[in-house]
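Protein sequences, first through last, are from chains A and B. Our numbering puts the last residue of the first sequence at 122; the count rises by one with no breaks. Our numbering puts the last residue of the second sequence at 290; the count rises by one with no breaks. Only one structure is covered here, and it is reproduced in the block below.
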Amino acid sequence: MQVLIVDDSQIMRKIITGVLKKLNVNEILEAVNGQEAVDMLVGKTDVGLVMMDWNMPTMTGIDAVRKIRANGSKVPIIMCTTEGEKDKVLEALKAGANDYLVKPFNPKDIQAKLEKFLTSVS
Amino acid sequence: MKVENINPFIESVMETFDSMLNCRVKVGKPAVTKDDEDADDIIGVIGLTGTARGIVAIRLPIKTAVTSIGRLVGVEFKEIDSSIIDGVGEMINIIAGNAKVKFEGQKISLSLPTVVRGNMYKLNNLTGAVFLTLPFSSELGDFDLLVSFKSSDEAVGKKEEAHAGAHR
């Protein structure tokens with residue numbers, strides 16, 4: 001099962017990758033903006049989870065979530081962002097995100113979210 | 123600058139270092155930043171706009187930046203590279219993002235973070251405002267948070283232009 005990390009920050013991709021590897025998830029894909037993620041997911045069924053940042057160039061995470069859902073994909077998506085206001089959380093869930101993780105988070109926070117979804121899809 | 127407008131930034135720094143770096147930090151006595159202050163540091167800057175406006179920056183000596191970002195990623199860095207620069211940008215983004223949520227009733231947006239390295243930069247604050255320097259100490263090294271911030275209730279009746287920049 002593959003996990004797609006979508007974040008324009010190289011450092012955030014590294015942090016999340018590190019936690020995933022500790023959870024024995026070794027098939028990790030990366031995208032640097034929402035458009036790249038949308039394109040990568042077209043016709044792809046072996047991605048089991050998407051970790052999606054909100055603020056990115058070219059296409060934001062929230063727009064990417066809408067596009068991914070419009071394309072018919074039901075892949076679980078966790079928004080992973082500094083946008084922690086309640087209206088933002090609700091907007092993301094309404095757009096089709098399955099869960100929300102607000103930065104700053106610690107590795108245990110990521111692990112808890114990942115385990116929830118990795119268990120549900122395995 | 124009101125004291126209650128500084129506390130969210132202090133709390134945010136403490137929460138960010140505690141959550142993401144497993145590191146307790148202590149804040150020292152705030153001071154007004156001098157215009158000619160410079161050092162061989164890495165500084166991450168981010169602008170805040172909306173019902174409150176300002177600039178927040180984290181200024182890390184190179185050694186602190188290397189150890190902090192190294193712990194964040196779980197890698198031992200020997201020198202400054204793109205990961206360190208990217209990490210400092212992400213760090214100020216997280217600190218400012220976490221702080222803005224603490225301002226209830228305010229609609230604040232963040233600019234994209236900018237990272238500057240060297241000793242020839244100069245931060246320009248809001249016209250008529252000052253930067254407060256908040257010194258922090260930790261096991262990863264000392265660093266400063268620089269804040270120039272005005273909430274809407276402070277800005278009433280005043281026309282001021284924000285111009286943030288790091289000039290070489």
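Virtual Cβ for every residue (Gly too), placed ideally from N, Cα, C. Because the structure is a prediction, the values reported are computed rather than measured.
For residue i and residue j, which I take to be in contact (beta-carbon distance under 8 angstroms), what is that distance rounded to the nearest angstrom?
| i | j | result |
| --- | --- | --- |
| D162 of chain B | G240 of chain B | 7 angstroms |
| G166 of chain B | V210 of chain B | 4 angstroms |
| F253 of chain B | L268 of chain B | 5 angstroms |
| I64 of chain A | M52 of chain A | Reading the sequence as shown, one finds Ala at residue 64 of chain A and not Ile. A64 of chain A to M52 of chain A, Cβ: 6 angstroms. Contact. |
| L234 of chain B | T186 of chain B | In fact, because the Cβ distance is near 23 angstroms, the residues do not count as touching under 8 angstroms. |
| Q111 of chain A | L23 of chain A | 6 angstroms |
| G61 of chain A | T82 of chain A | Actually they are not in contact, since the Cβ atoms of G61 of chain A and T82 of chain A sit about 11 angstroms apart, beyond 8 angstroms. |
| I191 of chain B | S205 of chain B | 7 angstroms |
| V135 of chain B | I15 of chain A | With 8 angstroms as the limit, V135 of chain B and I15 of chain A do not qualify as a contact, their Cβ atoms being about 18 angstroms apart. |
| E27 of chain A | Q10 of chain A | Incorrect: roughly 19 angstroms between the Cβ atoms, too far for contact. |
Quick one: does residue i have its CB under 9 angstroms from some CB of chain B?
| i | result |
| --- | --- |
| V6 of chain A | no |
| M12 of chain A | yes |
| N106 of chain A | yes |
| T142 of chain A | The requested residue 142 of chain A is not part of the displayed model; chain A covers only 1 to 122. |
| E85 of chain A | yes |
| I15 of chain A | yes |
| S73 of chain A | no |
| V38 of chain A | no |
| N55 of chain A | yes |
| D109 of chain A | yes |
| G34 of chain A | no |
| G61 of chain A | no |
| G43 of chain A | no |
| G18 of chain A | yes |
If the cut is a Cβ gap below 9 angstroms, which residues of chain D does residue i touch?
| i | result |
| --- | --- |
| K103 of chain A | Among the chains of the structure shown, chain D does not appear; the protein chains present are A and B. |
Using a threshold of 8 angstroms, is the CB atom of residue i nearer than that to any non-hydrogen atom of the ligand GTP?
| i | result |
| --- | --- |
| A174 of chain B | Absent from the structure shown: the ligand GTP. Ligands present: none. |
With a cut-off of 9 angstroms, does the C-beta of residue i fall near any C-beta of chain A?
| i | result |
| --- | --- |
| S205 of chain B | yes |
| V178 of chain B | no |
| I202 of chain B | no |
| G227 of chain B | no |
| I132 of chain B | no |
| V188 of chain B | no |
| L262 of chain B | no |
| L267 of chain B | no |
| L234 of chain B | yes |
| L194 of chain B | yes |
| V238 of chain B | no |
| I184 of chain B | no |
| I165 of chain B | no |
| G172 of chain B | no |
| D208 of chain B | yes |
| V223 of chain B | yes |
| I191 of chain B | yes |
| V149 of chain B | no |
| F197 of chain B | The identity of residue 197 of chain B in the sequence shown is Val, whereas the question assumes Phe. Interface residue, yes. |
What does DSSP give as the partner residue(s) for residue i in the beta ladder?
| i | result |
| --- | --- |
| C80 of chain A | A:L101 |
| S166 of chain B | Ser is not the amino acid found at residue 166 of chain B; the sequence shown has Gly there. In DSSP, G166 of chain B forms a bridge with B:I180 and B:V237. |
| I5 of chain A | A:E30 and A:M51 |
| D266 of chain B | B:R181 and B:P257 |
| G172 of chain B | B:I230 |
| F271 of chain B | B:G176 |
| V25 of chain A | For V25 of chain A, which the question treats as bridged, DSSP gives no partner whatsoever. |
| K148 of chain B | B:S259 |
| A153 of chain B | B:T255 |
Item checked: Stretch pair the segment 42-56 of chain A + the segment 79-98 of chain A: three plus CB contacts closer than 8 angstroms -> yes
Margin query: Contact between the segment 43-52 of chain A and the segment 74-91 of chain A is defined here as three or more beta-carbon pairs at a separation below 8 angstroms; is this criterion met?
Written below: Yes: the two stretches touch, three or more of their Cβ pairs being nearer than 8 angstroms.
Checklist line | Contact the segment 28-41 of chain A vs the segment 125-132 of chain B: 3+ CB pairs below 8 angstroms | finding: no
Check: Would you call the segment 213-221 of chain B and the segment 102-109 of chain A touching, i.e. three or more CB-CB distances under 8 angstroms?
Finding: yes
Next item on the list: Please specify which runs of the alpha helix (DSSP H), each continuous and at least 4 residues long, are wholly inside the segment 192-224 of chain B, giving them in chain order.
Entry: DSSP runs (the alpha helix (DSSP H)) wholly in the segment 192-224 of chain B: 204-223.
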